[in-house]
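Worksheet: one structure, shown below.
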Amino acid sequence: MKHFSIPADLPVYALDFLSEDVIVYAGGGGAGRSGVKNAIRTVRVDHAEQSLKELNRLELSRDEDAPMCLSVNKTLGNLVCGINSTAEKVKGGKNESLRIFEFELKESEKKENEAEAELSASVKFSKAAESLATTDPEQYQKFCTFSPDERLLIAGNTDGSFTLHTFPSLKPAWQSPPDAFGSGASAEELYTGDFSYDSEQVVLASAQKIKVFSTSPAPPSASTESANGEASGAEKVKRPLKIQTIRNPALGGAGPCTFRAARFGRSPTSEKVLFTVVNAGSAGKGAKGKRKSFVSAWNAETWDLVQTRHVADKPITAFDVSADGRLLAYGCSDLSVGVLDAKTLRPILRILDAHSFPPTCLRLSPSGKTLISGSADNTLRVVEIPASALLGGSASSTRSIVLTVLLALLFAVVAYIFQQRLALLQQP
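1 is the number of the first residue of the sequence shown in the UniProt record's numbering; add one for each residue after it.
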């Protein structure tokens with residue numbers, strides 16, 4: 001297993017893949033004159049040289065927050081980042097936290113003496129839009145995630161507010177319930193937002209609960225329809241249809257447990273599964289006080305808990321699912337990153353001391369062959385996933401079949417020898 005660390009040139013808070021070996025990542029020092037610029041970098045990963053080749057660097061305003069999340073729409077060539085406006089604008093109720101950028105990758109003709117064609121990239125600002133109503137500069141956009149069909153965008157905030165947008169119009173798909181995750185002082189921070197494989201459901205995770213909504217608005221209720229069969233004015237507002245709420249399960253230790261992430265599986269391996277991350281509270285001092293972390297798999301049709309596995313003795317800070325649903329990746333506050341088999345939740349690999357600070361983000365490449373994590377320590381960790389892990393259940397099935405055949409042959413040989421000896425003994 002090959003893995004290596006690469007300088008990122010800035011604190012990394014979000015990253016995504018543009019292609020199998022090209023990533024875009026964002027971060028910086030935030031508002032102020034810390035000397036660390038806010039930027040979005042597009043780089044090509046050279047596995048052989050264990051280095052990055054910068055394709056584009058877009059520096060951002062020092063008067064605004066650093067980008068805290070990003071998501072890529074490959075169909076339309078858009079990159080969306082969550083960036084708070086200046087503190088004055090936020091206090092004034094005009095926080096254009098959704099920043100839309102246009103990106104393009106161009107590959108030149110390969111020359112005879114070159115191992116691979118030259119690649120260039122461009123990233124240009126397109127527009128800014130309001131998404132989440134907040135007047136507190138300390139609150140920020142925690143995530144922005146495109147649906148698999150890239151027609152929807154979910155954005156969530158640290159103050160518990162969220163908005164489901166249609167894309168590229170950015171119009172709300174439905175009116176988000178203002179108190180779904182509490183309000184005011186009791187509001188719960190949102191950690192992750194994700195879509196089902198068919199883009200028909202969206203899941204949101206806070207520390208205490210997970211909520212699943214349909215991405216289509218709820219049908220008008222009979223009680224709000226007028227006598228002539230038309231919807232009343234109140235019902236003209238599109239409302240979400242809540243499908244399920246999962247309360248925080250108690251897993252390990254006497255301390256409180258909290259959710260950290262929720263992501264749907266992907267076709268063809270785990271499309272009917274919802275994966276959740278639970279971090280347990282400390283139960284005491286020393287070894288007994290370990291804050292264990294768990295990954296659970298839920299049936300996304302019946303909402304029954306299928307299985308749970310203890311992953312680490314420290315809280316998980318980042319989580320991802322591969323595009324084919326075979327692999328789960330996690331980053332941990334003990335500075336490690338790891339990969340699990342999505343079907344069995346068994347560990348496939350774990351890299352200790354991947355960063356000097358806990359991982360802030362990580363992503364699996366489109367093929368699932370590479371895991372890249374980022375951290376506020378200004379580094380990226382690149383992990384090449386073994387081919388045996390990519391075979392997943394197929395490899396296990398093949399081994400089982402081969403073992404069964406060998407055992408059957410051995411049994412047949414033993415039976416034949418026994419029969420021959422019995423025949424010799426019966427001869428006069």
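A virtual CB, placed ideally from N, CA and C, is assigned to each residue, including glycine. None of the values given here were measured: they were computed from a predicted structure.
Over the uninterrupted alpha helix (DSSP H) stretch that includes residue i, give me the two end residues.
i, result
"Glu88", "Ala87 to Lys91"
Could you have a look at residue i and say whether DSSP puts it in helix, strand or coil?
i, result
"Ser147", "coil"
"Ala376", "coil"
"Ala412", "helix"
"residue 433", "A question about residue 433 goes unanswered here, because the residues of the chain that appear run from 1 up to 428."
"Ala234", "Because the pLDDT of Ala234 is 45, which lies under 50, any placement of that residue in the model is unreliable, and the number read from its coordinates should be weighed accordingly. Looking at Ala234 - three-state DSSP - the assignment turns out to be helix."
"Phe125", "strand"
"Ile83", "coil"
"Ala205", "strand"
"Asn228", "Confidence is the limiting factor: at Asn228 the pLDDT is only 49, short of 50, which leaves the residue's position unreliable and the question unanswerable from this model."
"Ala31", "coil"
"Ser19", "coil"
"Gly156", "strand"
"Leu345", "coil"
"Ser186", "helix"
"Arg266", "coil"
"Gln141", "strand"
"Ser388", "helix"
"Leu422", "helix"
"Val405", "helix"
"Asp353", "coil"
"Pro11", "coil"
So, using beta-carbon positions, are residue i and residue j closer together than 8 Å?
i, j, result
"Gly325", "Arg263", "no"
"Thr145", "Glu189", "no"
"Leu340", "Ala354", "no"
"Glu54", "Arg62", "no"
"Arg260", "Tyr191", "yes"
"Glu102", "Asn78", "yes"
"Pro67", "Gly27", "yes"
"Asn279", "Ser293", "yes"
"Leu352", "Val12", "no"
"Gly338", "Thr317", "no"
"Ala39", "Leu15", "no"
"Ala297", "Leu345", "yes"
"Ala155", "Leu98", "yes"
"residue 429", "Arg291", "Outside the shown range of the chain (1 to 428) lies residue 429, about which nothing can therefore be said."
"Ala389", "Leu328", "no"
"Glu109", "Ala121", "no"
"Leu170", "Ala133", "no"
"Gly29", "Lys37", "yes"
"Val277", "Ala300", "no"
"Val311", "Ala342", "no"
"Ile100", "Lys127", "yes"
"Phe4", "Cys69", "no"
"Thr135", "Val90", "yes"
In terms of residue numbering, what span does the beta strand (DSSP E) encompassing residue i cover?
i, result
"Glu59", "Ser51 to Glu59"
"Asn299", "Ser293 to Asn299"
"Ser176", "Where Ser176 is concerned, there is no enclosing beta strand (DSSP E), given that its DSSP letter is neither H nor E."
"Ala117", "That residue, Ala117, is in no beta strand (DSSP E); it is neither H nor E in DSSP."
"Val277", "Val273 to Ala280"
"Lys106", "Leu98 to Glu107"
"Pro305", "The identity of residue 305 in the sequence shown is Leu, whereas the question assumes Pro. Unbroken beta strand (DSSP E) run through Leu305: Leu305 to Ala312."
"Thr245", "Pro240 to Arg247"
"His3", "His3 to Pro7"
"Leu70", "Cys69 to Asn73"
"His165", "Phe162 to Thr166"
In the DSSP assignment, what residue or residues form a beta bridge with residue i?
i, result
"Tyr330", "Phe319 and Gly338"
"Asp194", "Val203"
"Ile40", "Ala26 and Leu58"
"Ser214", "Gln201 and Leu241"
"Arg381", "Ser5 and Ser373"
"Pro359", "Ser375"
"Gly46", "Sequence check: residue 46 is Asp here, not Gly. DSSP lists Ser51 as partners of Asp46."
Check whether the Cβ of residue i sits closer than 7 Å to any heavy atom of the ligand GTP, and report yes or no.
i, result
"Gly27", "With respect to small molecules bound, the structure shown includes none, and the ligand GTP cannot be examined in it."
Touching by the beta-carbon criterion (3+ pairs, under 8 Å), the region 83-98 and the region 138-146: yes
Within the chosen definition, does the region 207-214 reach the region 141-156 through at least 3 CB pairs nearer than 8 Å? Output reads no: the region 141-156 does not touch the region 207-214.
Take every Cβ of the region 17-28, pair it with every Cβ of the region 358-366, and state whether three or more of those distances are shorter than 8 Å. Segments in contact, yes.
Is the number of C-beta pairs between the region 66-75 and the region 408-417 that are closer than 8 Å three or more? no
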